[in-house]
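Protein chains in written order, with this note's numbering: chain A, 143 to 398; chain B, 2 to 355.
I have placed the structure first, in the form of structure tokens, so that the comments after it can refer back to it.
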Amino acid sequence: MKVSASSPNVIELRRVHTRLGATQIHEDINMVIRANEITALVGGSGTGKSTLLRAMLKLLRPTSGSIKVLGQELAAIDDQGLHLLRRRIGMLFQYSALFSGMTILENISFPFREHTDLSPEMIRELSCLKLGLVGLSAEVGAKYPSELSGGMRKRAGLARALALDPELLFLDEPTSGLDPVSASALDDLILELQHSLALTVLMVTHDLDSIWKMADRVAMLGRGTLVAFGGLKEVAASPDPLVRSFFHGDRGPKNG
Amino acid sequence: MCQGEWTLAFATAIENDLEKFVWPSAPAIIIDASGLVRLDTAGAWLLFRLAERGRRAGREVTLSGLAAKHASLFELVSAHPPAQAVRPPYHNPLERLGMRAVEEGRTALQFLSFTGETALALVRMITSARRFRWQDMAANIESAGFQALPIIGLLTFLIGVVISYQGGVQLQQYGASIYITDLVALSMTREFAPLITAILVAGRTGSAYTAQIATMQVTEEIDAIRVLGLDPVELLVLPKLAAMLIVMPLLTLYADFLGILGGMLMAGLMLDVSSTAFLERLPDALTMESYLIGISKAPVFAVIIVMVGCYQGFMAKGSAENVGERTTSSVVLAIFLVIIADALFSVVFSWLGI
């Protein structure tokens, strides 16, 4: 999906400040994420990427400012509303966060069992379908998370995140810890699913290859604030030293 | 003709409607999907399943009018038909019993080999005069011994009170109230103090040992210790073993003291056996032999608790849940073995006639 000016805003951040203890993490962050786009949230370690992601899921409260997700103001939302909102959001955690006491198939069925009144047969079929969508075989479904490789765990985590057909998908370092081939395959998979399921994706990542391949827009955090935000090529061409070192440093052989 | 929203929220209703759907007799059927407003994977799957069912019923099914935005989703779903879930193989009860027996036998052997490994590490450490971890041992003495004083003291005190009360009622009928000293002192020192102490320590400290080592096992810290050229048994087990061997006899002595104190107070209140009379009787009632028999059990219980706790920790694998399971079985097994050992002590002592 290409950037189009008419897409509705899925996430709106207005003057977000976050302070954890004595440390100022975010200062005055303004950002809009539009529907059907893939936005990459980048920045060095400790610049508060994951913190921002957690704030958008209301797992953490910013010190001030407003965050609107899928049209709803997070600060004003009640518990019931938050539950309903979170059902429209899928999240792939950095370490997959699969429930270790359940098999993969049970992990994927879990949101169905908790949130829908589908028949067990239908839940099983849909869970197997999601398993197939992320490219895992049926034998994997009967295994426990500890028996899988990192790449398979990421895929299983993705299947669970996609279980309830979310409109918005958060990915926290989807390719970290994967070999380049698996990482590239996961990128392709996310792109394909994003296209077919019309997902809006926000991913935190360090992987330049994924960014060039997938991102429509890039938001770069640094110095406690949003250093650059815009279309991929536009950001990559920015003269800001942080952006330059990220995109054109020694480890960034590719340039647009 | 399909219309409206085919999404997860309505999937059950749609599925129920589809159950009632009867295929027309015509050989070729066209599913008109032009009325679909929204479609998600659940809806697409229902649509796919409907078409498949038609094909299996011998009809030629075509799908028409699917909007472009839905077509790619439908293709995605059709391209990945769900694999049939693999069910774990079924074992009949006899097979399960056999598997369980083999499993338990293997566990027993592993436990034996772990005990041997620890003994070897102990010998190695003594002979090569390697640096013993005094600080670890001291920390263990504090957490397993000193911090356990209040609970062990309170419980053995109460046990003393209960023995004195229950026994006193009977002794009073025979006018033999003074023998309450013998009853309390012998039962506390020979049986209750070592046993209660061991059970409490197994629950308090054995479980903590298992949780600590199991967590380290799950997070690969044990492997890290090995890779750094150290021996996890020497590093983690020996200081605990040494600490427990020191602490358990002391705790047992402390439990003896508080148990007898509880019994004495109760005797004074209920049987009019004054504490002076009680204490005068005590040297005759409590022989050195009985006292030593009780204390001698303590190191044995200490070894059982440490070995079971550490062994269960090292056996952990996989997940956080396993850490919990290991901790539970550590406590159950340690208490079980402590009571078995206590019973064996009784048998052996009665053979020896002491």
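We treat Cβ as the ideally placed atom computed from N, Cα and C, and that holds for glycine.
The structure presented is a predicted model; accordingly, all values stated were derived computationally and were not measured.
query                                                                                                               : result
Test item: CB-CB of B:G99 and B:I164 under 8 Å                                                                      : no
8 Å Cβ shell around A:D307 - same chain, five flanking residues per side excluded                                   : L339
Proximity below 8 Å, CB of B:A215 to CB of B:R327                                                                   : yes
Beta carbon of A:A361 nearer than 8 Å to that of A:L368                                                             : yes
Alpha-carbon to alpha-carbon, A:G207 and A:S148                                                                     : Below a pLDDT of 50, predicted positions are generally treated as unreliable, and A:S148, at 44, falls in that range; the measurement from the model is reported next regardless. A:S148 and A:G207: Cα-Cα distance of roughly 25 Å.
Cβ pair count under 8 Å reaching 3, the region 236 to 247 of chain A against the region 201 to 216 of chain A       : no
Separation of B:L172 from B:Y166, as counted between CA atoms                                                       : 10 Å
Presumed contact (8 Å Cβ cut-off) between B:L201 and B:I153, rounded CB distance                                    : 6 Å
B:K318 - containing beta strand (DSSP E), residue span                                                              : Premise fails: B:K318 is in no beta strand (DSSP E) and is neither H nor E.
Span separating the alpha-carbon of B:S320 from that of A:A298                                                      : 16 Å
Own chain residues within Cβ distance below 6 Å of B:F279, not counting five before or after                        : T182, M265 and A268
Reduced DSSP secondary structure (H/G/I, E/B, other) of B:E221                                                      : coil
Chain B within 8 Å of A:E248, Cβ atoms only                                                                         : no
Minimum length 4: unbroken alpha helix (DSSP H) runs contained in the region 310 to 344 of chain A                  : 322 to 338
Range of the contiguous beta strand (DSSP E) that encloses B:V23                                                    : Note, B:V23: premise wrong, no beta strand (DSSP E); not H, not E.
Helix, strand or coil at A:K144 according to DSSP, with G and I counted as helix                                    : Summary for A:K144: the model assigns pLDDT 40, below 50, so the residue's position carries little reliability, and this model does not support an answer.
Min CB distance A:M362 to chain B below 8 Å                                                                         : no
Cutoff 8 Å: A:N397 Cβ touching any chain B Cβ                                                                       : Low confidence applies here, because A:N397 scores a pLDDT of 44, under 50, leaving its location unreliable; read the following figure in that light. With 8 Å as the cut-off, A:N397 does not count as an interface residue toward chain B.
DSSP state of A:D259 mapped onto helix, strand, coil                                                                : coil
DSSP-derived helix/strand/coil call for B:M289                                                                      : helix
A:L162 - containing beta strand (DSSP E), residue span                                                              : N151 to L162
A:Q276 vs A:L227 beta-carbon contact at 8 Å                                                                         : Here residue 276 of chain A turns out to be Val, not Gln, going by the sequence shown. Not in contact: A:V276 and A:L227 (Cβ atoms no closer than 8 Å).
Beta-bridge partners of A:E281, as assigned by DSSP                                                                 : Partner(s): none; A:E281 has no beta bridge.
Classification of B:H46 by the beta-carbon crowding that lies within 10 angstroms, buried from 16 upward            : Before going further, note that residue 46 of chain B is Trp rather than His in the sequence given. Burial call: buried.
Cβ-Cβ separation, B:A335 to B:L306 (assumed contact under 8 Å), whole Å                                             : The amino acid at residue 306 of chain B is misidentified as Leu; the sequence shows Ile. About 5 Å separates the two Cβ atoms, so the contact holds.
Interface partners of A:K286 on chain B, CB under 8 Å                                                               : One point to set straight first is that residue 286 of chain A is Tyr, not Lys, in the sequence displayed. G319 and S320, listed in chain order.
8 Å Cβ cutoff, A:S242 in contact with chain B                                                                       : yes
Min CB distance B:D343 to chain A below 8 Å                                                                         : no
Cβ-heavy atom distance, A:R230 to the ligand MN, below 7 Å                                                          : Looking at this structure, you won't find the ligand MN or any other ligand, since it has none at all.
Beta-carbon proximity of A:K200 to A:L183, cut-off 8 Å                                                              : no
Residues sharing a beta bridge with A:R359, DSSP                                                                    : A:T181 and A:G373
Beta bridge counterpart(s) of A:V346 as assigned by DSSP                                                            : A:L183 and A:D314
Span separating the alpha-carbon of B:I31 from that of A:Q336                                                       : 29 Å
Cβ of A:T424 within 8 Å of any chain B Cβ                                                                           : The shown model of chain A, from 143 to 398, leaves out residue 424 of chain A, and the question about it has no answer.
Length of the line joining the Cα atoms of B:L67 and B:A34                                                          : 5 Å
Nonlocal neighbours in the same chain, by C-beta distance under 8 Å from A:L290, ignoring five residues either side : I246, V282 and A298
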